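The block underneath contains the structure these notes are about, expressed in structure tokens.
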Amino acid sequence: MIKILSISIFILMAFIPFLETLSRILSFNNITASQVIVQHLTLWIGFVGAIIASNQNKLLSLNRSLLFNEEKQISFITFIPKLVSFLVFIALAYGSWELIKVEYQYPIDIAPSIPRWLAQSIMPIGFLLMAINILFNSYSNFKHQLLFVFITFILFFSPIIEIISNILPIMPIALLLILFSLLMGAPIVVGLGGLSIFFFWYDFTPIAAIPTEAYRIVVSPTLPTIPLFTLAGYILAESKASERLVKVFRNVFGWIPGGTPIIIILLCGFFTALTGGSGVTILALGGLLYPMLKREGYNSSFSIGLITVSGSLGLLFPPSLPAIIYGVTAGVSVKDIFIGGIIPGSLLIILLSIWSIRNRSITNLKGTSFNFKNSLISIWETKWELMIPVIILVGVFGGYSTIVETASLTLIYVFIIEFFIYKDIELENLFKIIIQCSCLIGGVLIILGVAMGLTSYLVDAQVPMAILNWVKVSINSKYTFLFLLNIFLLIVGCLMDIFSAIIVIVPLITPLGIYFGIDPVHLAIIFIANLELGFLTPPVGMNLFLSAYRFEKEMSEIYRATLPFFLVKLFAVALITYIPFLTIYFL
Numbered sequence: 000m001i002k003i004l005s006i007s008i009f010i011l012m013a014f015i016p017f018l019e020t021l022s023r024i025l026s027f028n029n030i031t032a033s034q035v036i037v038q039h040l041t042l043w044i045g046f047v048g049a050i051i052a053s054n055q056n057k058l059l060s061l062n063r064s065l066l067f068n069e070e071k072q073i074s075f076i077t078f079i080p081k082l083v084s085f086l087v088f089i090a091l092a093y094g095s096w097e098l099i100k101v102e103y104q105y106p107i108d109i110a111p112s113i114p115r116w117l118a119q120s121i122m123p124i125g126f127l128l129m130a131i132n133i134l135f136n137s138y139s140n141f142k143h144q145l146l147f148v149f150i151t152f153i154l155f156f157s158p159i160i161e162i163i164s165n166i167l168p169i170m171p172i173a174l175l176l177i178l179f180s181l182l183m184g185a186p187i188v189v190g191l192g193g194l195s196i197f198f199f200w201y202d203f204t205p206i207a208a209i210p211t212e213a214y215r216i217v218v219s220p221t222l223p224t225i226p227l228f229t230l231a232g233y234i235l236a237e238s239k240a241s242e243r244l245v246k247v248f249r250n251v252f253g254w255i256p257g258g259t260p261i262i263i264i265l266l267c268g269f270f271t272a273l274t275g276g277s278g279v280t281i282l283a284l285g286g287l288l289y290p291m292l293k294r295e296g297y298n299s300s301f302s303i304g305l306i307t308v309s310g311s312l313g314l315l316f317p318p319s320l321p322a323i324i325y326g327v328t329a330g331v332s333v334k335d336i337f338i339g340g341i342i343p344g345s346l347l348i349i350l351l352s353i354w355s356i357r358n359r360s361i362t363n364l365k366g367t368s369f370n371f372k373n374s375l376i377s378i379w380e381t382k383w384e385l386m387i388p389v390i391i392l393v394g395v396f397g398g399y400s401t402i403v404e405t406a407s408l409t410l411i412y413v414f415i416i417e418f419f420i421y422k423d424i425e426l427e428n429l430f431k432i433i434i435q436c437s438c439l440i441g442g443v444l445i446i447l448g449v450a451m452g453l454t455s456y457l458v459d460a461q462v463p464m465a466i467l468n469w470v471k472v473s474i475n476s477k478y479t480f481l482f483l484l485n486i487f488l489l490i491v492g493c494l495m496d497i498f499s500a501i502i503v504i505v506p507l508i509t510p511l512g513i514y515f516g517i518d519p520v521h522l523a524i525i526f527i528a529n530l531e532l533g534f535l536t537p538p539v540g541m542n543l544f545l546s547a548y549r550f551e552k553e554m555s556e557i558y559r560a561t562l563p564f565f566l567v568k569l570f571a572v573a574l575i576t577y578i579p580f581l582t583i584y585f586l
């Protein structure tokens, strides 16, 4: 039932903006409140996807180990993070229910006959079902499940927390429990949600403030692009599009000595820009690209390093989801961020390509002879997929459609060419792809929502102003600030996923950027470029773990493989940071 609901929501999200575009072009009547409906469908797909992800133990975490596996006996090491996760979701469900009660008393319609509380009802239901999934996935013994419920009841409906807080330092205890849970594999949303809940409770603020902020960010006007573009990327990744694109790039660039790495850099950048997640690119394309490099004589270390690093290259190009989220969070034009990312993104690709071509650790540096006829044939065979960037660029920058409508058109276009023209995707596989995409989208959107609650607390506590005042006293040079910002963002990038980092960190650094006279678009590009690099920063960069998982290698081997590429990207990030001309040239 929940999977059918997920598929239905995606269909509505794809076709409502599409029909809106057609009605405007053909001068038909518009769909009433279509934009608002799509925004609230984003809320629904986020929670529905998160429910599916929690049931399949796929909520995003910092640890590759699966925490919520059924255990017959209680182990203290896993019991604590499981219990903390359960408590956090129950608390968020309660806070969401409190929000619904207020909305029900003072109803506001988001569309004809659709009250806002009805659209928000998925929030308490979603959090509650996630808690139930954790409960039943963790232990098979009914007594152990009952223990979870009993502890929750005691903590929520007895004064035990107040008694403990009078005896022990409750804040460090709570922080240690949350940190321990994250290290043991609890979802990222549990860490952010746990911190938000604890801070609001400690400050005597209703927990309903968290789902209120979550609702506000998730129904932002541009956020529907996340599920739409991501599903388009998933369909492309599951089709034979990558094989056709490899053939095109091989014929066009294969004459260059070391041209295959350039092919992989361009291909990975293309898929990462569409899916918004470098991990998706590594997992989806690694099995195709690694054997291709090995067959052409590239050694294992170079091949793994190249694929791992290339997985995060597309985040500065349209329709990069981090760029969209940054724009929404910081109040910066998403279109300007895309324009500003053209030269910095191209610089990253060029520098990595040059290093790959000149690298002498590979055993095969001979290029193939260029064949104009074969190049034209391969381009013609792949013409439909090569048109995708054109559609996105024309839609976003040409002013013919909004960014959400462009995402809708892109998704429908990708579906048509892969399902009807190339016939790579069967209907049964399409449904599986939608469910897989829903899991990722759900994991990302609830992280964004809960992280917004934490950000709201930090803003109310005037943390950004405190940081700004400290910086004014301690740092006098703009370039010193940029240097320290780079170090800080590298640490953030290797400890947090990019989506929650944007929500939590951007409000903290935005006032600093204004104080030092840094262009808002330049600050956005600096942030995203550093987070790209953070994915590769030892010891806990997320892409390093995903690469170790995909290629079944030890972490030490992954570190050695990615280090040369890391240094090249570090040099590129330094250029992007200290030469604002690269970002603002086209603005």
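In terms of numbering that gives the first Met the number 0, the sequence shown opens at residue 0 and continues consecutively. Note that the Cβ used here is the ideal one computed from N, Cα and C, for glycine as well. Here the structure is a predicted model, which means the values were calculated and not measured.
Asked: With distances taken from CA atoms, which of Glu531, Ile517, Phe337, Thr576 is nearest Met495?; Found: Glu531
Asked: By the three-class DSSP mapping on this structure, what secondary structure does Asn363 have?; Found: Residue confidence for Asn363 is low, a pLDDT of 49 falling below 50, so the modelled location carries little weight and cannot support an answer.
Asked: How many angstroms separate the CA atom of Leu145 from the CA atom of Leu305?; Found: 49 Å
Asked: Does DSSP put Glu295 in a helix, a strand or coil?; Found: coil
Asked: By DSSP's criteria, Tyr103 is part of a beta bridge. Which residues make up the other side?; Found: In the DSSP output, where bridge partners are listed per residue, Tyr103 has none listed.
Asked: Specify the secondary structure class of Ser455 as computed by DSSP and reduced to three states.; Found: helix
Asked: Here's the rule I'm using: 16 or more other beta-carbon atoms within 10 Å means buried, otherwise exposed. How should Gly286 be labelled?; Found: exposed
Asked: What do you reckon, are the CB atoms on Glu404 and Phe17 nearer than 9 Å?; Found: yes
Asked: Suppose you measure from the CA of Ala465 to the CA of Phe526; what does that come to, to the nearest Å?; Found: 21 Å
Asked: What residue does the beta strand (DSSP E) around Ala110 start on, and which one ends it?; Found: 108-110
Asked: Using only the alpha-carbon positions, how far apart do Met386 and Phe269 sit?; Found: 12 Å
Asked: Below 8 Å, how does it come out for the segment 470-484 and the segment 418-433: are there three or more Cβ pairs, yes or no?; Found: no
Asked: On the three-state DSSP scale, how would you describe Ser302?; Found: helix
Asked: Report the residue from His143, Pro111, Glu427 whose alpha carbon sits nearest the alpha carbon of Phe75.; Found: His143
Asked: At 4 residues or longer, what runs of the alpha helix (DSSP H) sit wholly inside the segment 444-493?; Found: 462-473
Asked: May I ask you to list the residues that DSSP assigns as paired with Ser407?; Found: The partner list for Ser407 (beta bridge, DSSP) is empty, contrary to what the question assumes.
Asked: Using a Cβ distance threshold of 8 Å, determine whether the segment 42-58 contacts the segment 205-222, with at least three qualifying pairs required.; Found: yes
Asked: Would you call Arg23 buried or exposed, if buried means 16 or more other Cβ atoms sit within 10 Å of its Cβ?; Found: exposed
Asked: Nearest-angstrom Cα distance between Ile490 and Pro537?; Found: 9 Å
Asked: Short of 7 Å in beta carbon distance, which residues of its chain neighbour Phe414, apart from the five on each side in sequence? Order them along the chain.; Found: Ile234
Asked: Nearest CA to the CA of Pro123: which residue from Leu134, Ile50, Phe135?; Found: Ile50
Asked: Please name the residue in Ile36, Ile264, Leu347, Gly516 whose C-alpha comes closest to that of Leu566.; Found: Leu347
Asked: Excluding the 5 residues flanking Lys2 on each side, which residues of the same chain have their C-beta closer than 6 Å to its C-beta?; Found: Ile434
Asked: Is the separation between the beta-carbon of Leu410 and that of Leu227 shorter than 9 Å?; Found: yes
Asked: Could you give the C-beta distance for Lys334 and Val395, rounded to a whole number, given that I count them as a contact under 8 Å?; Found: 6 Å
Asked: Can you have a look at Gly192 and say buried or exposed, based on whether 16 or more other CB atoms are within 10 angstroms of its CB?; Found: buried
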